[in-house]
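Residue numbers (the working numbering), protein chains in the order written: chain A, 1 to 116; chain B, 1 to 109.
Positions of the beta carbon are idealized from the N, C-alpha and C atoms, including for glycine.
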């Protein structure tokens with residue numbers, strides 16, 4: 001596609017429910033990143049995928065968070081047993097590759113998650 | 001832990017003035033430097049990137065990098081009200097980028 005596509009744009013859920021957030025990167029981009037941005041805060045790195053390599057999960061805040069990337073393209077971020085503190089905007093970005101001089105990241109519009 | 005520091009602002013400048021946004025970083029091995037603009041309620045959009053010491057100009061925007069001082073800045077000339085946004089500095093090595101918390105800029109008509 002022309003840009004990074006994320007769905008849904010908004011998600012309201014009840015505490016304790018599981019949610020899935022989807023990201024479709026720019027065609028041809030091999031690196032994909034997930035970030036979280038709480039209100040008025042900076043970007044918090046969650047996880048990144050580079051091609052077929054094992055993902056870097058170092059930013060995932062708890063074992064309730066997981067992500068997968070199928071076929072090297074679309075990625076799904078899953079949050080199990082959601083808590084109110086999970087409420088934030090979840091941003092996905094992609095880049096051509098994850099190497100110096102080619103790691104310009106382009107962002108999707110984000111998914112605004114509200115946990116009631 | 002790699003850190004990127006920005007003055008949170010808000011930075012307020014009159015229309016037509018030069019806005020100067022600053023960023024320092026802790027990892028001396030950093031090799032790529034980015035400025036993103038984020039309007040309220042929107043996602044970050046890339047404005048500029050710079051890899052080498054010195055200045056890089058693109059229209060009204062100039063990025064300045066000083067690796068010895070671990071300092072990167074963004075100058076916006078002839079500031080416009082439409083430039084009002086939060087500006088995020090991002091610094092990277094070979095893979096991940098570390099983002100600063102951003103500086104909120106307000107350009108007053």
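What residue does the beta strand (DSSP E) around residue i start on, and which one ends it?
| i | result |
| --- | --- |
| residue 22 of chain A | 19-24 |
| residue 69 of chain A | 65-69 |
| residue 4 of chain A | From DSSP, residue 4 of chain A is part of no beta strand (DSSP E); its letter is neither H nor E. |
| residue 58 of chain B | 54-58 |
| residue 60 of chain A | No beta strand (DSSP E) contains residue 60 of chain A, which DSSP labels as neither H nor E. |
| residue 95 of chain A | 88-95 |
| residue 50 of chain A | 44-50 |
| residue 115 of chain A | 111-115 |
| residue 19 of chain B | 19-25 |
| residue 39 of chain B | Neither: residue 39 of chain B is in no beta strand (DSSP E) and is coded neither H nor E. |
Tell me which residues share the same chain as residue i and place their Cβ nearer than 8 Å to its Cβ, disregarding the 5 neighbours each side in the sequence.
| i | result |
| --- | --- |
| residue 38 of chain B | 44, 45, 85, 86, 87, 88 and 102 |
| residue 40 of chain B | 85 and 86 |
| residue 9 of chain A | 109, 110, 111 and 112 |
Note down, in chain order, each residue of its chain lying with its Cβ closer than 6 Å to the Cβ of residue i, except the 5 sequence neighbours on either side.
| i | result |
| --- | --- |
| residue 77 of chain A | 21, 34 and 67 |
| residue 89 of chain A | 37, 110 and 112 |
| residue 116 of chain A | 14 |
| residue 49 of chain B | 34 |
| residue 51 of chain B | 32 |
| residue 7 of chain A | 22 |
For a quick check, are the C-beta atoms of residue i and residue j less than 8 Å apart?
| i | j | result |
| --- | --- | --- |
| residue 18 of chain A | residue 79 of chain A | yes |
| residue 91 of chain B | residue 4 of chain B | yes |
| residue 72 of chain A | residue 51 of chain A | yes |
| residue 107 of chain A | residue 91 of chain A | yes |
| residue 98 of chain B | residue 80 of chain B | no |
| residue 16 of chain B | residue 83 of chain B | no |
| residue 94 of chain A | residue 26 of chain A | yes |
| residue 105 of chain B | residue 9 of chain B | yes |
| residue 133 of chain B | residue 42 of chain B | Lying before the first or after the last residue shown, residue 133 of chain B is absent from chain B, which here runs from 1 to 109. |
| residue 25 of chain B | residue 70 of chain B | yes |
| residue 69 of chain A | residue 62 of chain A | no |
| residue 45 of chain A | residue 96 of chain B | yes |
What residue from the options has the CA that sits closest to residue i's CA?
| i | options | result |
| --- | --- | --- |
| residue 49 of chain A | A/41, A/42 and A/59 | A/59 |
| residue 20 of chain B | B/30, B/64 and B/82 | B/64 |
| residue 3 of chain A | A/32, A/63, A/40 and A/53 | A/32 |
| residue 104 of chain A | B/73, B/29 and B/47 | B/47 |
| residue 64 of chain A | A/81, A/54 and A/53 | A/81 |
| residue 84 of chain A | A/5, A/11, A/6 and A/7 | A/11 |
| residue 30 of chain A | A/5, A/53, A/61 and A/114 | A/53 |
Looking only at its chain, what residues have a beta carbon closer than 7 Å to the beta carbon of residue i, apart from the 5 residues adjacent to it on each side?
| i | result |
| --- | --- |
| residue 100 of chain B | 4, 5, 6, 23, 88 and 89 |
| residue 28 of chain B | 70 |
| residue 57 of chain A | 47 |
| residue 60 of chain B | 76, 77 and 78 |
In chain B, which residues lie with their C-beta within 7 Å of the C-beta of residue i?
| i | result |
| --- | --- |
| residue 83 of chain A | Simply none; closest approach about 23 Å. |
| residue 45 of chain A | 96 |
Which bits of chain A does residue i rub up against, with CB to CB less than 7 Å?
| i | result |
| --- | --- |
| residue 51 of chain B | 101 |
Under 9 Å between beta-carbons, which chain A residues line up against residue i? List them in chain order, please.
| i | result |
| --- | --- |
| residue 56 of chain B | The contacting residues do not exist; residue 56 of chain B stays about 14 Å from chain A at best. |
| residue 16 of chain B | By Cβ distance, chain A contributes nothing, its closest Cβ being about 29 Å from residue 16 of chain B, past 9 Å. |
Whose Cβ in chain B lies nearer than 8 Å to the Cβ of residue i?
| i | result |
| --- | --- |
| residue 42 of chain A | 88, 99, 100, 101 and 102 |
| residue 91 of chain A | 43 and 44 |
Could you tell me which chain B residues have their CB closer than 9 Å to the CB of residue i, listed as they occur along the chain?
| i | result |
| --- | --- |
| residue 108 of chain A | 43 |
| residue 48 of chain A | 95 and 96 |
Could you name the residues of chain A that residue i contacts, counting a contact when the two beta carbons are closer than 8 Å?
| i | result |
| --- | --- |
| residue 46 of chain B | 104, 105 and 106 |
Indicate whether at least one CB of chain C lies closer than 8 Å to the CB of residue i.
| i | result |
| --- | --- |
| residue 95 of chain B | Protein chains A and B are contained in the structure displayed, whereas chain C is not. |
Comparing the CB of residue i with every heavy atom of the ligand HEM, is any distance shorter than 7 Å?
| i | result |
| --- | --- |
| residue 30 of chain A | The model on display carries no ligand, and the ligand HEM is accordingly not part of it. |
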